[in-house]
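The structure under discussion appears below in the form of structure tokens.
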Amino acid sequence: MLTYEQARQKYELVVGLEVHAQMLTQSKAYSSDSTEYGSMPNTNISVITLAHPGTLPKFNKKVAEFAIKMGLACHCNISEYNVFDRKNYFYPDLPKGYQITQDKTPICRGGYVPVKTKNGVESQVRLNRIHMEEDAGKSMHLAEEIETLVDLNRAGVPLIEIVTEPDIREPEEAYAYLTEIRKLVRYLEICDGNMEEGSLRCDANISIRLHGETKYGRKVEVKNMNSIRNVQRAIEHEFMRQVELFENGLGDTLVSETRMFDATNGQTYSLRSKEALNDYRYFPEPDLQPFIITQDYLNSIKTAMPPLPNFLKEKFMNTYGLPEYDALVLTDTKEIALWFEELCSQTTNYKAASNWMMGSVKSYLNELNLPIAQFPLQPSQIAEIIGLIEQNKLSFSTASQKLFPALLDNPKTTATEMAKKLDLLQDSSDDLIMPLIAATLAKYPDKVQEYKNGKKGLLGLFVGEVMKGSKGKADPKKVNELVLAALEK
Amino acid sequence: MFLSYTATRQALLSGKTTCKDLVAHYLQKIEARNAELNAFVEVYAQEAMQQAEVIDQKIKAGTAGKLAGMVVGLKDVLAHQNHGLQGASKILDKFKSQFNGTAVQRLLDADAIVIGRQNCDEFAMGSTTENSAMGITRNAFDTSRVPGGSSGGSAVAVQAEMCLTSLGSDTGGSVRQPAAFCGLVGLKPTYSRISRYGLIAYASSFDCIGVFAHNVEDTALVLEVIAGQDDFDSTVSRTPVPAYTQNLALEGKPKICYIKETVENEGLSEDVKQATMKKIAQLKAQGFTVESVDFPLLKYILPTYYILTTAEASTNLSRYDGVKYGYRSPNVTDLNSLYKKTRSEGFGIEVKRRIVLGTFVLSASYYDAYFTKAQRVRRLIKEKTQDLFKTYDLILMPVAPTVAPKIGELAANPLQMYLADIFSVQANVAGIPAIAVPNGTDSQGLPIGIQVMADFFQEEKMLAFAKYLMEK
């Protein structure tokens, strides 16, 4: 049996991902029913959601706006002429017996997403398309119940499906791609990106082939992965499963099928015992007019696009001179990035600003598990602290250990006021320090002599004594310099 | 008085009659003949009387709506809140609509009185009203004959004076053909002229709500009330609705053509052909330009229609699955049997035939050969039909190839039944408006109709000419 590394050397992994993202619209894709998550079963429904006879869909234009935003963020071509199609299949959670989707005219075509894996490997994952569709309801099989219950609250909730080309070659690349997609939908505020609750779902099409082979192998679709990490695990497992079939001469038994991922044992299992070929009988939805995207409409969306993570990352690196690591951490969420932007509009010491964000601010938020929106301090207060340190009025350690916690307890106070109140401001004026030095040297004449005889280590003693005399308000660096000067005299 | 709303309204406003009297009259007619004719599957006697009282009050107060006291019937494909809605199918057994369709809502808002729902072919699929889970409907002129279909109940109800007007639906002639068989006016407006919200879908890109009446004025009036923009139907036209009733006088002499392939069609009966040619000759004598034109595509219209309508029907009817409402087979063991048994037991044979046909033409292996090709042909038919309107104002043609056939005559042969639609489907395939008006009778006294078709949204011109045809 080959090890994973050996298998990777012999076989090439080929992965394409299909991501379904639930749109954060107030109402459903084709009705005015609410999309609220967590409502009592079958309360966000109407005759339209229930597909009562005589009902017709009505397109929610917000869905197109959201889809276009994602398309622009992924460098896609936006289709001018959008036809909706019916995808026909029977399932209890699909009230109409068909899903309204886009088959031949996806709203976005082409495009790409630049990704960088944890190991630093950079690539571009090309997109095939992004199209708009509607979600199905949920079938619930309750324990001890023979009957299946159906909740149609989710039926008709808008989705976009983001389909990549089979470009992904590493499980880590899939991880990086999904991280990027989730970051984008959150920056655009079109989806909450929550994989656990299913508002972001990913199916992986996985095949293998010998390195150098140009034809694709038979692909297996793996579903049911509720985290980005599990997508990576599922790909790793499915890769090895397929490799083993090939290695054992059973490559021909590999069928194009749908398999489910089991997170508890990290394996995939076949969903259907026999290959079921679905014929969805796509055809143009006659109940909806084609949706036309005019250049004006497109431009209005373009101008309203928020800054995207890559743009901010570049800006943080190029304009603020931050290292890539800082820029990545600070653009992880839009909220942090925008808070940092605000901070940088009030200080020019960007590296110090970054350190404060990644250090004290982040650890406070992590400890209390708070989003930045609930951080008690304003960017102006952090900028002020940075300013005080810059002016040598405060040491970094005093600022982070005393001033910062005190401000968090009294967020209405300015940093300077609080520092004054706590008597933390350094007074490094010569008027304060010079007499203290003179007094210290006078106090230890023998030690001065020892120093002059070569025992240079005694410097610390004199500096410490002066600092003590200043009650910690003098700048240690400056004291150091002045004591040294006095001794060398 | 019971044959014209203009007369009815005058009598109501002058106090010569009341809505209650009218409703009582219609209920009496229903009582007398509905058991035999089976035009209504449900009659709202008490409710109609109550509504009549309300509207009588409004008339007294001078606040009566445009259709005050018009007693109407609804084909069993139109959603009427808290009333049964079954599409004449077992699969919607005991189903009640939770909302009013737009057209029905507009009738009610204009103070019309809905007296009941009317039999039809199951899901509007059929040309005789013999394919109904509620039994067949009979033609009031000759009860051994069919009334036509699919809106047969709606036609017979007006024919037998059980109501003044009816709303039906016309996907391939389902209003015009029964109107012709029953001696009535039957209107199918331009596709998208009337909101389809609340109309059970058969073939969405063909379906039109239509009107039955004794005369063109009443037809125009109902159209005026129910047509126009609607938030619930994104395919409905935004074209303003003209005041049809104000423009019923024929202006000038419209140029008319008739399609050679229709009058020369071998399926066309001698009686219908003669009546049509007689009308043409009469118009020519009255100074109209009436010219014969070629339309070689005629023979492709019916196949195109059946491929596309069955395709749409097969998916429109997927929602009837026994999961959410309507009939569910009692013999269900698992999900697959729920679908199979419910749909096998719930749908009638004609509906099943069309679902299977539609599923077939949409299946991956045959999609391009049938569906895609039929879509192209449809576009061609539409273009060629529109071309005729570059030269002519109106097209004249028979409504159906024969007079009303005997019960059972067509049912045995679906292909023969489909051929009965040969002249009526063109308007639906192209999307243009068409109206059937009476054009005499055959040797046995059975009604013959004639059809006028106009360009998109040219209902005014068409209605005015139809009125002229009936009167002159």
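So the protein lines, in turn, are chains B and F. For the first sequence, the numbering used here gives the first residue as 627, with consecutive numbering after it. For the second sequence, the numbering used here gives the first residue as 8, with consecutive numbering after it. Even glycine gets a Cβ: it sits at the ideal position worked out from N, Cα and C.
Check                                                                                                                  : Outcome
Min CB distance B/Tyr707 to chain F below 8 Å                                                                          : no
Any 3 or more C-beta pairs closer than 8 Å across the stretch 290–300 of chain F and the stretch 187–197 of chain F    : no
Span of the beta strand (DSSP E), counted from its first residue to its last, around B/Asn754                          : Glu748 to Glu760
N-terminal and C-terminal residue of the beta strand (DSSP E) that B/Arg764 is part of                                 : A small fix is needed here, since residue 764 of chain B is Lys in this sequence, not Arg. First-last of the beta strand (DSSP E) with B/Lys764: Lys764 to Met766.
Rounded straight-line distance, which links the Cα of B/Pro740 to that of B/Leu810                                     : 12 Å
contact_flag[the stretch 231–249 of chain F, the stretch 448–460 of chain F] where n(CB pairs < 8 Å) is 3 or more      : no
Contact list for the stretch 677–694 of chain B against chain F, Cβ threshold 8 Å                                      : Ala677, His678, Pro679, Gly680, Thr681, Leu682, Pro683, Lys684 and Phe685
Beta-carbon proximity of F/Leu81 to F/Val111, cut-off 8 Å                                                              : yes
B/Cys700 (DSSP reduced to helix, strand or coil)                                                                       : coil
Reduced DSSP secondary structure (H/G/I, E/B, other) of B/Ser899                                                       : Residue confidence is low: B/Ser899 scores 47 on pLDDT, short of 50, so the model does not pin down where it sits. Its coordinate-derived value is still stated next. Coil.
Beta-carbon gap between B/Tyr976 and B/Gly1013 smaller than 8 Å                                                        : no
Local conformation of F/Gly159 per DSSP, three classes                                                                 : helix
Beta carbon proximity, B/Ile724 to chain F, threshold 8 Å                                                              : The residue you asked about is not Ile; residue 724 of chain B is Tyr in the sequence shown. Answer yes: the Cβ-Cβ gap between B/Tyr724 and chain F drops below 8 Å somewhere.
Alpha carbon of F/Val337 to alpha carbon of F/Leu309, nearest angstrom                                                 : A small correction: the amino acid at residue 337 of chain F is Pro; Val does not occupy that position in the sequence shown. Whole-angstrom Cα-Cα distance: 39 Å.
Helix, strand or coil at B/Phe1001 [DSSP, three-state]                                                                 : coil
Alpha-carbon spacing of B/Thr957 relative to F/Leu315, whole angstroms                                                 : 53 Å
Other residues of its chain near B/Leu785: CB distance less than 7 Å, five sequence neighbours each side excluded      : His646, Ala647, Gln648, Met649, Glu759, Glu760 and Asp761
When B/Ser833, B/Leu1050, B/Lys1038 and B/Phe966 are compared against B/Ala1009, the one with the closest alpha-carbon : B/Phe966
Beta strand (DSSP E) segment containing F/Asn323, residue limits                                                       : Where F/Asn323 is concerned, there is no enclosing beta strand (DSSP E), although the alpha helix (DSSP H) it sits in stretches over Leu305 to Asn323.
Exposure label - B/Asp1049; buried when at least 16 CB within 10 Å                                                     : exposed
First through last residue of the alpha helix (DSSP H) which encompasses B/Lys845                                      : Premise fails: B/Lys845 is in no alpha helix (DSSP H) and is neither H nor E.
Counted within 10 angstroms of its Cβ, other Cβ atoms place F/Arg113 as buried (16 or more) or exposed                 : buried
Of the listed residues B/Ile756, B/Pro910 and B/Leu639, nearest to B/Arg835 (C-alpha basis)                            : B/Leu639
Straight-line gap, B/Ala690 to F/Arg16 (C-alpha atoms, nearest Å)                                                      : 49 Å
Partner residues on chain F for B/Asn714, Cβ-Cβ distance less than 7 Å                                                 : Thr322 and Ser325
Three-state secondary structure (DSSP) of F/Phe219                                                                     : strand
7 Å Cβ shell around B/Gln635 - same chain, five flanking residues per side excluded                                    : none
Beta carbon of B/Gly892 nearer than 8 Å to that of B/Ile794                                                            : no
Cutoff 7 Å; reference F/Ala46; Cβ partners in own chain excluding five residues on either side                         : Gln125, Asn126, Thr144, Gly160, Val163, Ala164, Ala167 and Met169
Buried or exposed (CB count within 10 angstroms, at least 16 for buried), F/Ala55                                      : buried
F/Tyr51 to F/Gly123 span [Cα, whole Å]                                                                                 : 5 Å
Local conformation of F/Thr166 per DSSP, three classes                                                                 : A quick correction: the sequence has Gln, not Thr, at residue 166 of chain F. DSSP places F/Gln166 in helix when its eight states are reduced to three.
CB contact check: F/Tyr475 to chain B, cutoff 8 Å                                                                      : no
Neighbour flag for B/Pro916 against chain F, beta carbons, 8 Å                                                         : no
Neighbouring residues, chain F, relative to B/Arg780 (Cβ below 7 Å)                                                    : What B/Arg780 touches in chain F: nothing, since even the nearest Cβ is about 15 Å away.
Separation of F/Val368 from F/Tyr374, as counted between CA atoms                                                      : 6 Å
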